[in-house]
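J.: I have a structure I would like to understand better, so I am pasting it below and will then ask my questions one at a time.
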Amino acid sequence: MQRNWKDMITPNGVEAVKLTENYGKFLAKPLEKGFGVTLGNSIRRVLLSSINGAAFVAVRFDGVKHEFSVIPGVKEDVTDIILNIKQVNLRYLGEADATITLKASGAGVVT
1 MQRNWKDMIT PNGVEAVKLT ENYGKFLAKP LEKGFGVTLG NSIRRVLLSS INGAAFVAVR
61 FDGVKHEFSV IPGVKEDVTD IILNIKQVNL RYLGEADATI TLKASGAGVV T
């Protein structure tokens with residue numbers, strides 16, 4: 001049995017259940033059976049693609065040909081270094097792409 005699109009259940013409105021500076025919980029009801037996941041995924045994708053932010057997109061080490069290489073004199077292998085770099089929180093207020101350069105030589109901790 002196929003129903004006409006005119007008979008489809010549509011939400012009466014959206015209610016803000018909980019709002020903070022970094023969080024929002026909203027309620028839209030009623031929805032047609034199975035449409036909650038579809039609507040939720042669509043909203044999530046739009047929100048994620050609209051968020052401004054900064055992140056590392058590439059990293060290069062002199063003398064390293066691939067991520068499984070070992071750098072002489074360094075405790076961690078390249079894979080561990082990359083995983084550590086992914087944990088760095090960046091804050092960038094500019095609009096254009098930016099390049100960060102870190103140069104270190106000799107023994108010691110690089111932070």
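Residue numbering for the sequence shown follows this note's numbering, beginning at 1 and increasing consecutively.
Ideal Cβ positions, reconstructed from N, Cα and C, are used throughout, including at glycine.
What is the DSSP secondary structure of L93, reduced to helix, strand or coil?
T.: coil
J.: At which residue ranges does the stretch 20 to 70 contain complete alpha helix (DSSP H) runs of 4 or more residues, listed in the order of the chain?
T.: Assignment of alpha helix (DSSP H) within the stretch 20 to 70, counting only whole runs of 4 or more residues, yields 35 to 50 in chain order.
J.: Among the candidates L27, G13 and N12, whose CA atom is the shortest distance from the CA of L19?
T.: L27
J.: For the alpha helix (DSSP H) that D80 lies in, which residues bound it at each end?
T.: Judged by DSSP secondary structure, D80 falls within the alpha helix (DSSP H) whose first and last residues are V78 to K86.
J.: Could you tell me which of K29, L93 and V110 sits nearest to I85, measuring between CA atoms?
T.: Check the Cα spacing between I85 and each of K29, L93 and V110: the tightest is with V110.
J.: If you reduce the DSSP assignment to three classes, tell me which class K103 lands in.
T.: coil
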